[in-house]
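Asks:
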Ligand SMILES: Cc1ncc(COP(=O)(O)O)c(C=O)c1O
């Protein structure tokens, strides 16, 4: 997206208008100007809303604010559209990706959907390699977007809806073979600094601007660590005292030093139990926090019912930790979380029975 478009679609285009809803008092409502004409779907990526989760906080009698960045409103219904666009645009610009060349990537579904969209727009064949442990909605969405979806069997004892480090190793091997076979470009989302850059140059600055610099802490669950590292790099640059809480599924808490070999959990897109996470930067972490599946699920459901925000399990994890923090060390402060992807991607699971 070009800079002028970014500026026009940013919060500079927001205007306050009187709230006429009964019972809401003088709460100001934001009247948004529609974004200008886009050149393609790529211009619809990013510039997502940041909203205060007032009811969730108020209903629990807590002091402080939780601000949710609604990344599920991206075209592929997740924050990974930003990464896909950043990686492909840079690779095309510096010649690592040639016009018409195939792209292969390992995905839990969200990066793959982003890549399917971006590759469709730029005219690259895209092959998504995904574990059968991820939900079927993701595979269908990528296929609908023209991707070739290669589903990899889970390791022995694997459970549908739960992807382990062992499952991911099998997916990696398949991707490795496909890259050689098809002469493809591989974005390497676990290794690529472009993954962090998408969040350092877009998500972080958007949050800072939308929150008008009122950010005390950021709480985010980790997969590749791209979102956490990118956003925290920017927030710390703006205010070095911003606290960062990196979340891991309790059953795959390897960054916190737990032994999680073979551990399974339901928080898709996160907690791969990899000790080698090149995008993990401990200097940006105030505290490592763990969350279990049931708590994350419960808060995803509460977010839908109480705030009308229909998101996935990892969003429930982020919210749950933010609430714990408001009840503890961040009492009275403002915590930003990411609503990572849409609840629609979980309809085949027991998240929303
Ligand atoms: C739903 C969901 N939540 C959280 C994450 C973790 O984000 P990151 O890879 O930036 O650490 C992912 C990554 O794929 C995801 O798909």
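In this note's numbering, the protein residues as written are -18 to 334. Here a beta-carbon is modelled for each residue, glycine too, at the ideal position from N, C-alpha and C. As the structure is a prediction and not an experimental result, all values here were calculated from the model.
1. So residue 211 and residue 252 are supposed to be a Cβ contact under 8 Å. How far apart are they, rounded?
2. Using the three-state DSSP reduction, which class does residue 4 fall into: helix, strand or coil?
3. Here's the rule I'm using: 16 or more other beta-carbon atoms within 10 Å means buried, otherwise exposed. How should residue 56 be labelled?
4. Any heavy atom of ligand 1 closer than 6 Å to the beta-carbon of residue 295?
5. For the structure I just gave you, are there three or more beta carbon pairs, one from the segment 31 to 51 and one from the segment 148 to 164, closer than 8 Å?
6. Assuming residue 315 and residue 45 form a contact by the criterion Cβ under 8 Å, report the distance between their Cβ atoms to the nearest whole angstrom.
7. Between the alpha carbons of residue 292 and residue 73, how many angstroms are there, rounded?
8. May I ask which residues mark the beginning and end of the beta strand (DSSP E) holding residue 141?
9. Out of 328, 325, 332, 303, state which residue places its alpha-carbon closest to the alpha-carbon of residue 38.
10. Under the rule that 16 or more other beta-carbon atoms within 10 Å means buried, what is residue 313, buried or exposed?
11. Considering only residues of the same chain and omitting the five flanking positions on each side of residue 300, which have a CB-CB separation below 8 Å?
12. Could you check whether residue 65 and residue 99 sit closer than 7 Å to each other, using their CB atoms as the reference points?
13. Got a sec: does ligand 1 put a non-hydrogen atom nearer than 6 Å to the Cβ of residue 206?
14. Within this structure, are the beta carbons of residue 102 and residue 202 separated by less than 7 Å?
15. Answer with buried or exposed for residue 255, where buried requires no fewer than 16 other C-beta atoms within 10 angstroms of its C-beta.
16. Would you tell me roughly how many angstroms separate the C-alpha atoms of residue 97 and residue 261, rounded to the nearest one?
17. Which residues does DSSP list as the beta-bridge partners of residue 271?
18. Sort out for me which residues DSSP pairs residue 202 with in a bridge.
19. Give the C-beta separation of residue 108 and residue 131 to the nearest angstrom, bearing in mind that I take them to be a contact with Cβ-Cβ under 8 Å.
20. Pick helix, strand or coil for residue 194, following the three-state DSSP scheme.
21. For residue 30 and residue 195, what's the separation of their Cα atoms in angstroms?
22. Have a look at residue 237 and residue 230 and give me their C-alpha separation to the nearest angstrom.
Replies: Taking the coordinates as given:
1. That pair is no contact at about 19 Å.
2. For residue 4, the predicted model reports a pLDDT of 44, less than 50, meaning its position is unreliable; a value from the coordinates is still stated below. Residue state, collapsed to three classes: coil.
3. When all chains shown are included, residue 56 counts as buried.
4. The answer is yes for residue 295.
5. Verdict: no, contact absent.
6. A Cβ-Cβ separation of about 7 Å places residue 315 in contact with residue 45 under the 8 Å criterion.
7. Distance between the alpha carbons of residue 292 and residue 73 is about 32 Å.
8. Secondary structure note for residue 141: it is in no beta strand (DSSP E), with a DSSP letter that is neither H nor E.
9. Considering only alpha carbons, the answer is 303.
10. In summary, residue 313 is exposed, with fewer than 16 beta-carbon neighbours lying within 10 Å of its beta-carbon over all protein chains present.
11. Counting only residues of its own chain and dropping the five nearest sequence neighbours on each side, residue 300 has a CB closer than 8 Å to the CB of 34, 37, 47, 49, 280, 281, 283, 284, 318.
12. Taking 7 Å as the Cβ cut-off, residue 99 and residue 65 qualify as a contacting pair.
13. Residue 206: yes, Cβ under 6 Å from ligand 1.
14. The Cβ atoms of residue 102 and residue 202 lie no closer than 7 Å to each other.
15. The residue in question, residue 255, is buried, as its Cβ has 16 or more Cβ neighbours within 10 Å.
16. Near 26 Å, if we compare the C-alpha coordinates of residue 261 and residue 97.
17. The partner list for residue 271 (beta bridge, DSSP) reads 229.
18. Answer is 228.
19. Correct: roughly 6 Å between the Cβ atoms.
20. The answer is coil: DSSP assigns residue 194 none of H, G, I, E or B.
21. Straight across, the Cα-Cα distance linking residue 30 with residue 195 is about 16 Å.
22. Rounded to whole angstroms, residue 237 to residue 230 spans 11 Å at the Cα level.
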